[in-house]
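Please read the structure below before turning to the comments.
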């Protein structure tokens with residue numbers, strides 16, 4: 028992968044200003060938003076390469092001149108070849124007259140096509156960072172979305188009441204309770220233990236009971252252990268697959284702070300595809316093992332600002348009004 032290659036990342040950081048954006052979101056903007064200067068700049072600069080706004084890594088000048096497509100080798104990305112393309116783009120830039128390199132207009136807030144990301148969560152919402160990755164399996168190829176080289180990154184947010192539901196009514200060693208069904212359902216339907224974002228519905232859930240037990244109390248800190256089994260089975264037009272797994276976890280609730288200071292969950296499960304799709308899979312392996320890791324988001328912009336993929340389906344108790 029390109030951004031796992033230290034040489035590629037170092038050269039990119041030294042010579043470019045990196046910007047990541049969603050090509051699908053830009054292309055699906057309403058027509059009035061596409062008239063704004065932001066969208067027009069992207070369309071015209073990438074259009075020089077015949078791509079419009081399209082998935083990939085591209086180099087453009089501040090003036091909007093297209094320098095080249097950088098990524099190469101899909102689906103097995105060639106980091107060395109992509110680095111060469113970066114160097115070619117820098118050479119092209121240096122050969123240009125300054126008048127062609129530098130933009131003549133400074134963008135203003137009123138030029139935005141895409142709304143600026145704002146704080147989306149209400150006060151007291153707990154944010155978790157989640158990742159999921161498959162284990163190696165027979166016949167695996169990099170084209171297959173289940174290849175262990177690919178990891179899914181997402182976010183999982185909990186309301187204050189959902190956090191409270193993870194605490195037994197009394198904070199004594201050995202006390203137990205079950206997590207709120209709404210919390211576990213959202214975790215499953217939003218595919219936190221799995222790759223991708225499949226079409227899972229409530230009726231597909233077969234097991235969802237997750238138990239929490241107080242393992243120790245030390246001062247204001249309540250130490251917790253989580254465990255439970257998860258199972259789903261779908262046979263719809265959009266999803267023909269099964270998942271069965273187990274969750275284990277630990278947490279620390281601080282009664283003085285009224286907040287979790289530690290929360291970590293891991294899942295390990297088996298994923299069975301009842302049919303393989305030529306645009307996503309290779310070989311004949313239908314059953315694979317997959318693991319996920321969920322933890323508190325660190326107090327940095329990159330993690331606090333990562334919005335859950337299924338944000339539109341989150342309850343109003345979490346969204347800022």
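In the working numbering, the protein residues as written are 28 to 348.
The beta carbon of each residue, even a glycine, is placed where N, CA and C say it ideally should be.
Residues bridged to residue i by DSSP?
{"i": "residue 97", "result": "Note: residue 97 sits in no beta bridge, so no partner."}
{"i": "residue 238", "result": "205, 254"}
{"i": "residue 86", "result": "95"}
{"i": "residue 321", "result": "157, 292"}
{"i": "residue 232", "result": "259"}
{"i": "residue 148", "result": "346"}
{"i": "residue 248", "result": "245, 281"}
{"i": "residue 299", "result": "269, 314"}
{"i": "residue 274", "result": "255, 294"}
{"i": "residue 185", "result": "153"}
{"i": "residue 180", "result": "158"}
{"i": "residue 35", "result": "DSSP lists no partner for residue 35."}
{"i": "residue 286", "result": "281"}
Measuring only the C-alpha atoms, how far is residue i from residue j?
{"i": "residue 199", "j": "residue 243", "result": "8 Å"}
{"i": "residue 207", "j": "residue 194", "result": "10 Å"}
{"i": "residue 120", "j": "residue 335", "result": "37 Å"}
{"i": "residue 303", "j": "residue 311", "result": "8 Å"}
{"i": "residue 139", "j": "residue 259", "result": "42 Å"}
{"i": "residue 105", "j": "residue 345", "result": "41 Å"}
{"i": "residue 211", "j": "residue 235", "result": "6 Å"}
{"i": "residue 340", "j": "residue 83", "result": "28 Å"}
{"i": "residue 52", "j": "residue 60", "result": "11 Å"}
{"i": "residue 308", "j": "residue 327", "result": "36 Å"}
{"i": "residue 238", "j": "residue 301", "result": "30 Å"}
{"i": "residue 333", "j": "residue 181", "result": "7 Å"}
{"i": "residue 40", "j": "residue 30", "result": "11 Å"}
{"i": "residue 170", "j": "residue 257", "result": "28 Å"}
{"i": "residue 99", "j": "residue 241", "result": "52 Å"}
{"i": "residue 86", "j": "residue 73", "result": "9 Å"}
{"i": "residue 163", "j": "residue 329", "result": "29 Å"}
{"i": "residue 315", "j": "residue 294", "result": "14 Å"}
{"i": "residue 272", "j": "residue 278", "result": "20 Å"}
{"i": "residue 192", "j": "residue 34", "result": "47 Å"}
{"i": "residue 190", "j": "residue 127", "result": "55 Å"}
{"i": "residue 132", "j": "residue 57", "result": "24 Å"}
{"i": "residue 43", "j": "residue 68", "result": "18 Å"}
{"i": "residue 323", "j": "residue 204", "result": "21 Å"}
{"i": "residue 338", "j": "residue 152", "result": "14 Å"}
{"i": "residue 168", "j": "residue 215", "result": "27 Å"}
{"i": "residue 230", "j": "residue 299", "result": "18 Å"}
{"i": "residue 228", "j": "residue 262", "result": "11 Å"}
Buried or exposed for residue i, please, with buried defined as at least 16 other CB atoms from any protein chain shown within 10 angstroms of its CB.
{"i": "residue 66", "result": "buried"}
{"i": "residue 292", "result": "buried"}
{"i": "residue 184", "result": "buried"}
{"i": "residue 97", "result": "buried"}
{"i": "residue 45", "result": "exposed"}
{"i": "residue 179", "result": "buried"}
{"i": "residue 112", "result": "buried"}
{"i": "residue 255", "result": "buried"}
{"i": "residue 173", "result": "buried"}
{"i": "residue 246", "result": "exposed"}
{"i": "residue 232", "result": "buried"}
{"i": "residue 349", "result": "Residue 349 is absent from the model: the chain starts at 28 and stops at 348."}
{"i": "residue 269", "result": "buried"}
{"i": "residue 129", "result": "exposed"}
{"i": "residue 249", "result": "buried"}
{"i": "residue 297", "result": "exposed"}
{"i": "residue 280", "result": "buried"}
{"i": "residue 224", "result": "exposed"}
{"i": "residue 319", "result": "buried"}
{"i": "residue 275", "result": "exposed"}
{"i": "residue 343", "result": "exposed"}
{"i": "residue 290", "result": "buried"}
With a cut-off of 7 Å, does the C-beta of residue i fall near any C-beta of chain D?
{"i": "residue 221", "result": "Judged by its chain identifiers, the structure shown contains no chain D, having just a single protein chain."}
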